[in-house]
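The structure under discussion appears below in the form of structure tokens.
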Amino acid sequence: MRVVVADDAALIRSGIVRLLEEFGCQVVAEIGDGDSLIRAIAEHRPDVSVVDVRMPPSFTDEGLRAAVAARQQVPGSPVLVLSQYVEVSYTDDLLADARGAVGYLLKDRVVDVDEFMEGLRRVAAGGTVFDPQVVSQLMVRRRNDPLAALSPREREVLALMAEGRSNQAMARALVVSDGAVEKHIRSIFTKLDLYVDDTDHHRRVRAVLAYLRS
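The end of the sequence shown is residue 214 by our numbering, with every number in the run present.
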């Protein structure tokens with residue numbers, strides 16, 4: 001994978017770059033501010049960008065705003081936000097185009113390198129991966145609920161799907177069979193009008209985006 005890494009903390013950025021290179025990734029640009037991130041994505045068209053939220057000059061949400069601007073210039077450019085903070089304001093904008101290829105993980109909760117790399121690959125392939133705390137913060141902001149037709153169990157399945165869990169992992173987490181999970185997923189697709197003429201991968205992405213934007 002060709003990766004752009006954007007983090008204003010040089011030591012953290014260097015560590016991420018070293019980790020990615022150990023897993024065979026090619027880091028095409030190392031960035032420390034939002035404007036440079038936009039230019040790097042436009043120039044290199046990376047398979048995925050790893051982006052911190054807080055960067056110069058105000059250290060509030062420059063990284064997220066730059067990621068949104070970059071995806072406007074390069075539609076659908078995959079972005080994995082990796083931060084210490086949950087900042088939901090511009091996360092909504094990242095989700096708004098319904099293209100997928102978006103993730104948001106928290107640095108201090110990434111405890112397994114292999115899982116992090118799997119999440120990065122998932123985003124690069126057009127999927128989604130979100131830390132449960134990020135999902136919770138996004139849900140707090142929502143008032144209207146277009147997912148009202150879903151059962152409580154189906155909402156649980158969809159929340160786990162938003163975390164990037166496989167069917168088998170969801171079954172283990174819910175202590176049910178793989179077949180039960182598949183049944184719930186089919187019901188979710190039906191209730192959200194995600195029809196079989198779409199691929200299963202695309203339907204999963206669209207279901208997660210509907211959940212996060214609901």
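Each residue gets a CB set at the ideal place from its N, CA and C atoms; glycine is no exception.
Source: prediction; values computed, not measured.
Taking Gly32 as part of the alpha helix (DSSP H), name the residues at either end of that continuous run.
No alpha helix (DSSP H) contains Gly32, which DSSP labels as neither H nor E.
For Tyr85, the three-state DSSP class (helix, strand or coil):
coil
Taking only the alpha-carbon atoms, compute the straight-line gap between His202 and Phe59 and give it to the nearest angstrom.
35 angstroms
Which of the three DSSP states, helix, strand or coil, is assigned to Ser49?
strand
If you run the structure through DSSP and keep just helix, strand and coil, what is Thr128?
strand
Are the CB atoms of Met161 and Val129 nearer to each other than 8 angstroms?
no
Would you tell me roughly how many angstroms separate the C-alpha atoms of Val4 and Ala124, rounded to the nearest one?
12 angstroms
Would you give the residue range spanned by the beta strand (DSSP E) that Leu106 belongs to?
102-106
Can you give the Cα-Cα distance for Glu43 and Ser177, rounded to whole angstroms?
46 angstroms
According to DSSP, is Arg2 helix, strand or coil?
strand
Residue(s) in a DSSP beta bridge with Leu80
Val50, Gly103
What is the DSSP secondary structure of Val27, counted as helix, strand or coil?
strand
Determine the DSSP secondary structure at Gly179, reduced to helix, strand or coil.
helix
Quick one, which of Val68, Tyr90, Gly76, Val86 has its alpha-carbon nearest Arg99's?
Gly76
Opening and closing residue of the alpha helix (DSSP H) in which Leu11 lies
10-22
Can you tell me whether Ala149 is helix, strand or coil according to DSSP?
coil
Verify whether the separation of the beta carbon atoms of Ser83 and Val53 is less than 8 angstroms.
yes
If the criterion is Cβ atoms closer than 8 angstroms, does the pair Arg213 and Leu94 meet it?
no
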